[in-house]
Amino acid sequence: MIRQTTFTLIFLVLLGTSQSFSQTKKSTIYIHSVANQWLDIALEATANEVDRVGAKPTIQSRTLGLAVTAMYDAWAAYDAKAVSTCMGGKLRRPLAERTLKNKETAISYAVYRVLNDIYPEDKAFFDKEFKAKGLNPANFSTDRTKPEGIGNIVAAAILKERHHDGSNQLGDEIGGNGSPYSDYTYYNPINSYKKVINPDKWHPLPFVDGKGDTFLVNFLTPHWYRVKPFGLKNSAQFRAPEYPKFGSEQLKKDVDEVIDFNANLTAERKATIEFMRDGPRSTGQSGHWLRFAQMVSLRDKNDLDRDVKMFFAVGNTAMDAFIACWETKRFYDSSRPWTLVRQYYAGKQIKGWGGPDKGTIDMPAEMWHPYSPANFVSPPFPAYVSGHSTVSGACSKMLELFTGSDKFGETEIRRPGIITETPGDPVSLPLPTFTATADMAGISRVLGGYHIQADNVAGLKMGRDIAQYLWKDVIQKYFDGTYKK
-1 MIRQTTFTLI FLVLLGTSQS FSQTKKSTIY IHSVANQWLD IALEATANEV
49 DRVGAKPTIQ SRTLGLAVTA MYDAWAAYDA KAVSTCMGGK LRRPLAERTL
99 KNKETAISYA VYRVLNDIYP EDKAFFDKEF KAKGLNPANF STDRTKPEGI
149 GNIVAAAILK ERHHDGSNQL GDEIGGNGSP YSDYTYYNPI NSYKKVINPD
199 KWHPLPFVDG KGDTFLVNFL TPHWYRVKPF GLKNSAQFRA PEYPKFGSEQ
249 LKKDVDEVID FNANLTAERK ATIEFMRDGP RSTGQSGHWL RFAQMVSLRD
299 KNDLDRDVKM FFAVGNTAMD AFIACWETKR FYDSSRPWTL VRQYYAGKQI
349 KGWGGPDKGT IDMPAEMWHP YSPANFVSPP FPAYVSGHST VSGACSKMLE
399 LFTGSDKFGE TEIRRPGIIT ETPGDPVSLP LPTFTATADM AGISRVLGGY
449 HIQADNVAGL KMGRDIAQYL WKDVIQKYFD GTYKK
């Protein structure tokens, strides 16, 4: 399963999984809801995909958004007021059918079908988990009087709507190369790695593979601004304002701050960078914040209904935050610190991180490197605004709005260097509030050398604005049955 964090989260495993879901509620021990269990499965499948093709946070956010939407839409059929995203209130079942077992069965069928569509490589894994719950993968009923039928109907509706939502999941968009999620918007960088014409603009950066060979990585999903949002009016609704340009006092100040951080990497700073980078098998910021939501679920001992609603809110907020963030990234196409340090200090000596276990050294600016392995120079897409900041700002605010409090109350114990160099002694990273956790995620990208402060500040604001809008104008209306498409 996915790498475990050292949060104070205890995952309890059901014994005797052949018993009905509803029977487990009789236990005096708190048991994770079926929604929570399926979220674990979705996160593991996402980590498996990272193992296969590498980290692609935009795509991962959509996958997880669809998974939690499948849970919610199936559950909504058994709620008195809630409406689904695809069917409205058309599937609502009578009071006598609104049992825990029916909800769990419908949710399981819906999310199982959606995950199989997105990750067919993991069918055996999904089948095993599905059958362990006493369910039949071959049941394709569309009888809406049965929970199996509700789940299958919901999944089909979601997939029909999302197969051509602009993500190019099927690889059949005109202009693409035929592969899933390929770009069809003909993006080309203004600069090349060897020739920077405009230092304000992004270009592919040189990565080093396991053989020591250098290769370039193109803009990841540059078409993502065309993906249909969950609840935003359009991807540009919260576009960030202009960013500081090369030659400005503000940009020089921001670049110098990044250089200073890079030359003064304390154990706590290294731990912060690596914790928020999420390491190998990363499920992206959407997955990271859904794991935080799982911790809230355990803390508050959520029941199924509350879990479904919370995961739906957080997962879709992350998806829309990514779409909006990518619209701003594509619109401004801004450069990373890797480029800016070389432009400002060309031909000069600076202090910086010398590489794994080398500490701070004097170096030519042309050798400056973020705090990361050579095979991960910086994320392969423009800088402004920071995705970590945008999604963390959005999800932290959504958790605050959903729970009615900013309190988080968790602590991460982390060994600095664990995914970059020889690990040091453990350090404690307190996460007292959702806001503080988002702020930590944002500043971690500046500490790491992936972003300047302008990317972080604007991203946090954008994310929080997105969450406020979605909560007030979209999500609460889905819950109370008043949302109209």
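All residue numbers for the sequence shown refer to our numbering, where the first residue is -1 and numbers rise by one.
The beta carbon of each residue, even a glycine, is placed where N, CA and C say it ideally should be.
Note that this is a predicted model, so its numbers are computed, not measured.
Inter-residue CB distance, residue i and residue j (contact presumed, cutoff 8 Å)
{"i": "Thr409", "j": "Pro428", "result": "5 Å"}
{"i": "Phe236", "j": "Ile464", "result": "6 Å"}
{"i": "Ala80", "j": "Tyr476", "result": "6 Å"}
{"i": "Thr44", "j": "Thr61", "result": "6 Å"}
{"i": "Ala322", "j": "Leu230", "result": "6 Å"}
{"i": "Leu64", "j": "Arg160", "result": "6 Å"}
{"i": "Ser387", "j": "Gly440", "result": "4 Å"}
{"i": "Leu468", "j": "Asp254", "result": "So it is not a contact: roughly 36 Å between Cβ atoms."}
{"i": "Trp222", "j": "Trp287", "result": "Contact doesn't hold; Cβ gap of about 18 Å is too wide."}
{"i": "Ala104", "j": "Tyr76", "result": "7 Å"}
{"i": "Ser177", "j": "Gly164", "result": "Between Gly164 and Ser177 the Cβ distance is about 16 Å, and since that is not below 8 Å, they are no contact."}
{"i": "Ala436", "j": "Ser384", "result": "Going by Cβ atoms, the distance from Ala436 to Ser384 rounds to 11 Å, so no, they are not a contact pair."}
{"i": "Ser376", "j": "Trp336", "result": "5 Å"}
{"i": "Ser426", "j": "Ile450", "result": "Actually they are not in contact, since the Cβ atoms of Ser426 and Ile450 sit about 28 Å apart, beyond 8 Å."}
{"i": "Ala153", "j": "Ala68", "result": "6 Å"}
{"i": "Met460", "j": "Phe400", "result": "Met460 to Phe400, Cβ: 19 Å. No contact."}
{"i": "Pro430", "j": "Phe406", "result": "6 Å"}
{"i": "Ser394", "j": "Thr418", "result": "Rounded, the Cβ-Cβ distance is 25 Å, inconsistent with contact."}
Endpoints, alpha helix (DSSP H) assigned at residue i
{"i": "Glu247", "result": "247 to 261"}
{"i": "Thr435", "result": "432 to 446"}
{"i": "Val455", "result": "451 to 468"}
{"i": "Phe477", "result": "474 to 478"}
{"i": "Glu272", "result": "265 to 275"}
Residue i - partner residues in DSSP beta bridges
{"i": "Ile348", "result": "Met361"}
{"i": "Lys199", "result": "Ser332"}
{"i": "Ser426", "result": "Ile411"}
Exposure label - residue i; buried when at least 16 CB within 10 Å
{"i": "Ile359", "result": "exposed"}
{"i": "Ile195", "result": "exposed"}
{"i": "Gly446", "result": "buried"}
{"i": "Ile172", "result": "exposed"}
{"i": "Glu102", "result": "buried"}
{"i": "Thr281", "result": "buried"}
{"i": "Phe128", "result": "buried"}
{"i": "Leu113", "result": "buried"}
{"i": "Arg443", "result": "buried"}
{"i": "Gln292", "result": "buried"}
{"i": "Tyr110", "result": "buried"}
{"i": "His162", "result": "exposed"}
{"i": "Ile156", "result": "buried"}
{"i": "Gly350", "result": "buried"}
{"i": "Asn232", "result": "exposed"}
{"i": "Asp298", "result": "exposed"}
{"i": "Asp258", "result": "exposed"}
{"i": "Tyr185", "result": "exposed"}
{"i": "Pro220", "result": "buried"}
{"i": "Thr83", "result": "buried"}
{"i": "Ala344", "result": "exposed"}
{"i": "Ser295", "result": "buried"}
{"i": "Glu47", "result": "buried"}
{"i": "Phe138", "result": "exposed"}
{"i": "Asp453", "result": "buried"}
{"i": "Pro92", "result": "exposed"}
{"i": "Val66", "result": "buried"}
{"i": "His140", "result": "Correcting the residue identity first, residue 140 is Thr in this sequence and not His. Exposed, because fewer than 16 other Cβ atoms sit within 10 Å of the Cβ of Thr140."}
Opening and closing residue of the beta strand (DSSP E) in which residue i lies
{"i": "Phe406", "result": "405 to 412"}
{"i": "Thr219", "result": "Counting along the chain, Thr219 falls outside any beta strand (DSSP E), and DSSP gives it neither H nor E."}
{"i": "Thr44", "result": "No beta strand (DSSP E) holds Thr44; the alpha helix (DSSP H) holding it covers 32 to 51."}
{"i": "Phe379", "result": "Neither: Phe379 is in no beta strand (DSSP E) and is coded neither H nor E."}
{"i": "Leu214", "result": "212 to 214"}
{"i": "Val389", "result": "Not the beta strand (DSSP E): Val389 falls in the alpha helix (DSSP H), residues 385 to 401."}
{"i": "Phe205", "result": "204 to 206"}
Any non-hydrogen atom of the ligand ADP within 6 Å of residue i CB
{"i": "Gln35", "result": "No copy of the ligand ADP appears in this structure; indeed no ligand is present at all."}
Cutoff 7 Å: residue i Cβ touching any chain C Cβ
{"i": "Tyr330", "result": "Absent here is chain C; the protein component of the structure consists of one chain."}
Next on the checklist: Which complete alpha helix (DSSP H) runs does the stretch 98 to 155 hold, if anything under 4 residues is left out?
Outcome noted: 98 to 116, 121 to 130
Checklist entry - Can you list, in chain order, the stretches of the alpha helix (DSSP H) that have 4 or more residues and sit fully within the stretch 54 to 98? => result 55 to 74
Next on the checklist: Going residue by residue through the stretch 284 to 359, where are the continuous beta strand (DSSP E) segments of at least 3 residues, counting only ones entirely within it?
Outcome noted: 347 to 351
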